[in-house]
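Reading through the C-alpha cells given below for one structure.
Residue numbers (this note's numbering): 390 to 532.
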C-alpha cells in the first residue's frame, strides 16, 4: 500500500509465483519510505512462513511491538496513544473501529480512481528459473 503496487510482479501468474518464492523484496527510490517501514515489509514477506513477522504464539504481539508502529509520523498521530503498554498505537480503539482515518479521499462514486497513479504496464517476457533438481523450492514442499 505504501508503493501502490504489489511487491512482486510478473508477466504471467506462474512467473509471479516464482518471484514470490525466490526473489528478494526490492524497494524503489520513489516513494521514499523509512527504514522502519521497509523492515516491516521485508519482515512480513519472509520466504519461510515461520520466519515472518506475526508468525507463532506471540505473532500478534510481535507485530504490535514493531518499531514502525511507534509514533514517528504526524500523519498517523490520530492512531497513537500513550496509554498502551510500551506501544504508541491505540490497538484497542483500532480493533473496535473507533479511530478516524488520517486521510479520507473524496470520491465521486465507487468506481472513482482519480487518486491512483496511472501508469503503463510493460509486457516483460521472463523465462522461469531452471530448477531440474527441485532445490529452489525444496523449503516449501510441506507448506
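The C-beta atom is built at its ideal place from N, Cα and C for all residues, glycine as well.
Nothing here was measured: the structure is a model prediction, and the numbers come from that model.
Cα-Cα separation, residue i to residue j
| i | j | result |
| --- | --- | --- |
| residue 440 | residue 432 | 8 Å |
| residue 435 | residue 404 | 18 Å |
| residue 507 | residue 499 | 17 Å |
| residue 438 | residue 417 | 24 Å |
| residue 495 | residue 514 | 38 Å |
| residue 406 | residue 493 | 33 Å |
| residue 456 | residue 442 | 12 Å |
| residue 501 | residue 445 | 39 Å |
| residue 467 | residue 453 | Because the pLDDT of residue 467 is 41, which lies under 50, any placement of that residue in the model is unreliable, and the number read from its coordinates should be weighed accordingly. Roughly 16 Å between the two C-alpha positions. |
| residue 518 | residue 497 | 45 Å |
| residue 427 | residue 521 | 34 Å |
| residue 516 | residue 421 | 31 Å |
| residue 402 | residue 504 | 27 Å |
| residue 533 | residue 484 | Past the boundaries of the shown model lies residue 533; the chain is included only from 390 to 532, so the question cannot be answered. |
| residue 509 | residue 448 | 38 Å |
| residue 531 | residue 523 | 14 Å |
Residue environment, residue i, which counts as buried when at least 16 other CB atoms sit within 10 Å
| i | result |
| --- | --- |
| residue 411 | exposed |
| residue 528 | exposed |
| residue 478 | buried |
| residue 429 | buried |
| residue 512 | exposed |
Checklist entry - Which parts of the region 419-460 are runs of the beta strand (DSSP E), unbroken and 3 residues or longer, counting only runs that do not cross its ends? => result none
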